[in-house]
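*Asks:*
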Amino acid sequence: MSADDDNPTITKVLVVDDSRMVRASLIKHLRGRFEVREETDGEAGWQTLLVDPSIQLVLTDIGMPRLDGFGLLERIRSSKVARVHDIPVIIISGDEDDAARERAIKMGANDFITKGIGGVELIARLESLSRLAQTQRELEASRAALASQSPLDPASGLATEAYLNVHGEQEMALARRHQADISAMVIEIDHYEQLVEWHGAHVAQLITRKLSKILSSKVRKEDTVAQLAPAQFAVLSPSTDPLGCCAFALRMQRAMEKLVMTYREERIRISVTIGVASSSIDGMQTVSHLVGVAAGRAQAGKAAGGNRVVNDQGEVDQTMVDRYMKQLISIDHALLQIRIGAADEVADRLPEVITTLLPLLELIESRVHCGIPLGALKKYDKESGPGNDEAEGTRTSA
Numbered sequence: 357m358s359a360d361d362d363n364p365t366i367t368k369v370l371v372v373d374d375s376r377m378v379r380a381s382l383i384k385h386l387r388g389r390f391e392v393r394e395e396t397d398g399e400a401g402w403q404t405l406l407v408d409p410s411i412q413l414v415l416t417d418i419g420m421p422r423l424d425g426f427g428l429l430e431r432i433r434s435s436k437v438a439r440v441h442d443i444p445v446i447i448i449s450g451d452e453d454d455a456a457r458e459r460a461i462k463m464g465a466n467d468f469i470t471k472g473i474g475g476v477e478l479i480a481r482l483e484s485l486s487r488l489a490q491t492q493r494e495l496e497a498s499r500a501a502l503a504s505q506s507p508l509d510p511a512s513g514l515a516t517e518a519y520l521n522v523h524g525e526q527e528m529a530l531a532r533r534h535q536a537d538i539s540a541m542v543i544e545i546d547h548y549e550q551l552v553e554w555h556g557a558h559v560a561q562l563i564t565r566k567l568s569k570i571l572s573s574k575v576r577k578e579d580t581v582a583q584l585a586p587a588q589f590a591v592l593s594p595s596t597d598p599l600g601c602c603a604f605a606l607r608m609q610r611a612m613e614k615l616v617m618t619y620r621e622e623r624i625r626i627s628v629t630i631g632v633a634s635s636s637i638d639g640m641q642t643v644s645h646l647v648g649v650a651a652g653r654a655q656a657g658k659a660a661g662g663n664r665v666v667n668d669q670g671e672v673d674q675t676m677v678d679r680y681m682k683q684l685i686s687i688d689h690a691l692l693q694i695r696i697g698a699a700d701e702v703a704d705r706l707p708e709v710i711t712t713l714l715p716l717l718e719l720i721e722s723r724v725h726c727g728i729p730l731g732a733l734k735k736y737d738k739e740s741g742p743g744n745d746e747a748e749g750t751r752t753s754a
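Residue numbers for the sequence shown follow this note's numbering, so the first one is 357 and each next one is one higher.
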C-alpha cells in the first residue's frame, strides 16, 4: 500500500451561510471527515470558489445578503469553467419547503437538506456526493488520456492536436533528411463569435463540422488535418512547396467564400482566413513552430479584415500564384500540382505543358507505336488557351 493510500486526500467543503451559529454547527459535524472553508454570503462564496481550486463540495444557505443561495447556484451552473460548473452543490434550508426544493433541483442542485439534519445523515450524503464527484473526475481524466493517445478526435473525425505534433515531427525529420519542403496552413473561420451569437452554438458547430468534411475531402492522403479550436483548423502537408500550399489555400478560401449553407430555410455564408508557412522559408525547427507561424499570419489576416490568404510576403492573390507558376511550368512541378489537388492550375497551363511534353511523346510513339494522338495534341496546343470558367457558387445544407 502506498503512502497516498495511508493518507487519503480529505475533501474540502465550502460552507456558505450568513448565520455564524449555523456555520459552527455544520463545521462541528464535518470536522475530522472534511476540510472546511466558510463564507458569510453568496458573493463571498462565489469569489472563494473561483480562486480556490481545491474546493470539491459546496453547502449553501438560501436566504443571504448580497447574493442568495439560488443566485450562487445559478452562477455555478452557468460557469464556463468545468471545475466550477460541475462541482456538487447542496442547498440548506431552514425548513422543509417543497417549492424551494423543486426550484433548487431544477437549477442543478445535487441535494436539498434542512438545517436540522443529523450529523450522521449529513456526513453520509456528503461522502456519497464526494465519491460520485471523484468517480466523474477520474472518468473525465481517463477520457482525456484516451483521446490524447488516439490519432482521431471522435467529435470532429480529424486528427488530434497531439497526433498532429507527433506525426508532424516524424514528417519534419523525413523532410530534413531528404531536403524536402513541408508546409502548414492554419484556417480560421471569420467572425465565429458573431455566428454563435446570431445563429446559436448548434448551428456554429454544424458549420465547423461541414468545414471539417470539406477539408478532409480536399487534402491528400499524406496530409494531416486537425482541429485546434472551435473555429481553427491546421493542415500539415509534407513534400509541398510554398507555391503549392498558397495555391491550395487560395482555392479553399475562394470555395468557402462561394459556399452557401442553409439551415431551416435560412441562408448562411461564411468566409475563412488562412495563414501559410513553409519550412523552406520559415525554418525547420518544430511542427508547433511552423503551425504557430501560420496561425500568426491567419490572425494578422483576420485583423486586416479577414477572407484572405496570408504568407510571409503578406496577402496572397491569384496574380502572385500565376506569376510564380509561369516561372515553374516544368513537368515535375505540374505533377506536383496534380498530386496536391491543384489539377485546375495545371489545366489552365495545359497548352504549355503539351508543348513541353511533345518531343518526349513523339519519341515514345516512334519507338512503341502505341497510338498517341500527336495530331490532336498539336491542334489542341495551337487552338486552346487557359480555361477561366469559375463556378458561381455552391449551395449545401448545414
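Glycine residues also receive a C-beta, built at the ideal position from the N, C-alpha and C atoms.
1. Would you list the residues sitting across from residue 470 in a DSSP beta bridge?
2. Would residue 631 be called buried (16 or more neighbouring beta carbons within 10 Å of its own) or exposed?
3. Between residue 684 and the rest of its own chain, which residues show a CB-CB distance below 7 Å, the 5 nearest in sequence each way excluded?
4. Please report the distance separating the alpha-carbon of residue 629 from that of residue 540.
5. Check this for me: beta carbons of residue 323 and residue 531, under 8 Å apart or not?
6. When burial is assigned at 16 or more other CB atoms within 10 Å of the CB, is residue 527 buried or exposed?
7. Starting from residue 603, follow the alpha helix (DSSP H) in both directions and report where the run begins and ends.
8. Would residue 448 and residue 417 be called neighbours here (beta carbons separated by less than 8 Å)?
9. List the residues that DSSP assigns as beta-bridge partners of residue 417.
10. Helix or strand or just coil, what does DSSP make of residue 588?
11. Does the distance from the CB of residue 588 to the CB of residue 544 come in under 8 Å?
12. Whose CA, out of 437, 439 and 457, lies closest to the CA of residue 446?
13. Over the uninterrupted beta strand (DSSP E) stretch that includes residue 667, give me the two end residues.
14. Look at the Cβ atom of residue 475, then the Cβ atom of residue 385, and state whether they are nearer than 8 Å.
15. I'd like to confirm the pairing. Which residues does DSSP put opposite residue 583 in its beta bridges?
16. Just to confirm, is the Cβ distance from residue 485 to residue 509 under 8 Å?
17. Distance, Cα to Cα, residue 454 vs residue 398?
18. Would you kindly report the start and end of the unbroken beta strand (DSSP E) that includes residue 539?
19. For residue 472, which of 387, 378 and 733 has the nearest alpha-carbon?
20. Apply the 10 Å Cβ neighbour rule to residue 578 and answer buried if 16 or more other Cβ atoms are within range, or exposed otherwise.
21. Report the three-state DSSP secondary structure of residue 633 (helix, strand or coil).
22. Going by CA-CA distance only, name the one from 641, 414, 570 and 640 that's closest to residue 483.
23. What did DSSP end up calling residue 707 once you bin it into helix, strand or coil?
24. Work out the CA separation of residue 512 and residue 642 for me, nearest whole Å.
25. Within its chain, find whatever has a CB closer than 7 Å to the CB of residue 402; leave out the 5 residues flanking it on each side and keep chain order.
26. Compute the beta-carbon to beta-carbon distance between residue 592 and residue 580, rounded to the nearest angstrom, for a pair I have assumed lies under 8 Å.
27. Between which residues of its own chain and residue 368 is the CB-CB distance below 6 Å, once the five residues before and five after are set aside?
28. When you compare only the Cα positions, how much space is there between residue 441 and residue 462?
29. Taking just the CA atoms, how far does residue 517 sit from residue 460?
30. Can the beta-carbon of residue 514 be found closer than 8 Å to that of residue 583?
31. Rounded to the nearest angstrom, what separates residue 676 and residue 489 at their Cα positions?
32. What is the DSSP secondary structure of residue 508, reduced to helix, strand or coil?
33. Buried or exposed: residue 726, going by 16 or more other Cβ atoms within 10 Å of its Cβ?
34. Taking the alpha-carbon positions, what's the residue 564 to residue 585 distance?
35. What are the start and end residues of the alpha helix (DSSP H) that includes residue 429?
*Replies:* Working from what's here:
1. 449
2. buried
3. The pLDDT assigned to residue 684 is 49, lower than 50, so where the model puts this residue is not dependable; a value taken from the coordinates is nonetheless given after this. 599.
4. 14 Å
5. The requested residue 323 is not part of the displayed model; the chain covers only 357 to 754.
6. buried
7. 598-614
8. yes
9. 448
10. strand
11. yes
12. 457
13. 665-667
14. yes
15. 589
16. no
17. 22 Å
18. 538-545
19. 378
20. exposed
21. strand
22. 414
23. helix
24. 25 Å
25. 423, 428 and 431
26. 5 Å
27. 391, 410, 411 and 412
28. 15 Å
29. 40 Å
30. yes
31. 57 Å
32. strand
33. exposed
34. 10 Å
35. 425-434
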